[in-house]
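Colleague: Quick one: the structure is below, questions incoming.
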Amino acid sequence: MTKSFLADAFQATAPSVSSSVLAETIPNRESVKVVIFGSTAGVNNTILTLYKLGFAQVNEWSPLLPSPNPGEVMSILTRYILTN
Numbered sequence: 008m009t010k011s012f013l014a015d016a017f018q019a020t021a022p023s024v025s026s027s028v029l030a031e032t033i034p035n036r037e038s039v040k041v042v043i044f045g046s047t048a049g050v051n052n053t054i055l056t057l058y059k060l061g062f063a064q065v066n067e068w069s070p071l072l073p074s075p076n077p078g079e080v081m082s083i084l085t086r087y088i089l090t091n
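First residue of the sequence shown? That's 8 in the working numbering, and the numbers climb one at a time after it.
Written out as structure tokens, the structure reads:
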């Protein structure tokens, strides 16, 4: 069976930067979080689909995390937007 070239990207972690550091250094910015809940396959497929649509790079998402619901996982994407 062939291995997807993006399969390892799910294991990569983005550099850790505190949101408070970003908020202090760049005024008029706020963080917005996008969260995907579902099965492991469902979350991974959604991340890949959003990547193909140009929404976010695969490695910008958090590693798969346990969800409050049994049998589910979640992944979080944090974006910073300009505010007025």
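Note that beta-carbon positions come from the ideal geometry of N, C-alpha and C, so glycine has one too. If you're wondering where the values come from, they're calculated on a predicted model, not measured in any experiment.
At which residues does the beta strand (DSSP E) containing I54 begin and terminate?
Modeller: From DSSP, I54 is part of no beta strand (DSSP E) but of the alpha helix (DSSP H) over 47-59.
Colleague: Distance, Cα to Cα, S74 vs G61?
Modeller: 26 Å
Colleague: Alpha carbons only, please: which of N76, T47, W68 is nearest the one belonging to V39?
Modeller: W68
Colleague: Is it buried or exposed, I54, if we count other Cβ atoms within 10 angstroms and call 16 or more buried?
Modeller: buried
Colleague: Quick one: what does DSSP say E67 is sitting in, helix, strand or coil?
Modeller: helix
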